[in-house]
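If you read the sequence shown in this note's numbering, its first letter stands for residue 1, the second for the next number, and so on.
We put the beta carbon where it would ideally sit given N, CA and C, even for glycine.
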Amino acid sequence: MGYWGYYVVGRSERPLAELDALADADGMVLRTTAPDGWQVWEYPSGDGDVGSMNTLARETGAPALFGYVMDSDCVVVEAAGPESGTWTTCLARAAMAGYLEAGEEGLTVDDYFLEPPDAAERAVTWAAEAGRTVVAGPLLEVLTADADPLAENLLFRFLDRLGVVPL
């Protein structure tokens, strides 16, 4: 069985775990920090609730990103910026499609998540709001890749391509 849980990414002078937006996420663990106050926290949880990414972005005044890893197979990526708004996509789309097929609604991965080219463009805007200049191509490569072997690796590659947390 793989990993189930969140990675919470944000920029703040204070530890993200101390912020009101994440008050209900007891047990968060700092995984890494990066220049300019970027932090990555882990919140192991299979129940899918860490807090509000929109509230985190507003509270810090900086873009925020949640990566919900599902059994190390795929990742739901939710991102928000105080100015650029909210968007959602996923990593390891084929694996995510398998999870969605198990549902009874008949919806597909494209019904739930931005398609890779659209997600790459939104990610470029998100990075710009974070003060980073990135291009869509390398982001698109990650957004269309399969997990090999762990979806968590895709998430951290995505954060690297966003220019916020280097590998």
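- Shown here, T144 sits in coil according to DSSP, grouped into three states, outside any helix or strand.
- Looking at the DSSP output, E105 bridges to nothing.
- Contact fails between the region 42-61 and the region 135-143, because fewer than three Cβ pairs, one in each stretch, are under 8 Å apart.
- In the three-state DSSP reduction, P149 falls in the coil class, being neither helix nor strand.
- When DSSP reads this structure, M96 sits in no beta bridge, so it has no partner.
- In the DSSP annotation of this structure, E129 is not part of any beta strand (DSSP E); the continuous alpha helix (DSSP H) holding it starts and ends at P116 to E129.
- In chain order, A25, M28, L30 and W41 place their CB closer than 8 Å to the CB of A17, counting only its own chain and leaving out the 5 sequence neighbours on each side.
- Between G85 and V77, the C-beta gap is not smaller than 7 Å, which leaves the two residues out of contact.
- Counting only unbroken stretches of 3 or more residues, the beta strand (DSSP E) elements lying wholly within the region 56-87 are 64-70 and 74-81, in sequence order.
- An exposed status is given to D20, since fewer than 16 other beta-carbon atoms sit within 10 Å of its beta-carbon.
- For V50, the closest C-alpha among the options A62, E13, T60 and V9 is that of V9.
- When rounded, the separation of the alpha-carbon atoms in P116 and T144 is 6 Å.
- Non-local beta-carbon contacts of V75 in its own chain, meaning distances under 7 Å to residues more than five positions away in sequence, involve G67, Y68, V69, C90, L91, A92, A151, L154 and L155 in chain order.
- Proximity to Y6 across E13, L65 and R132 peaks at L65, based on C-alpha coordinates.
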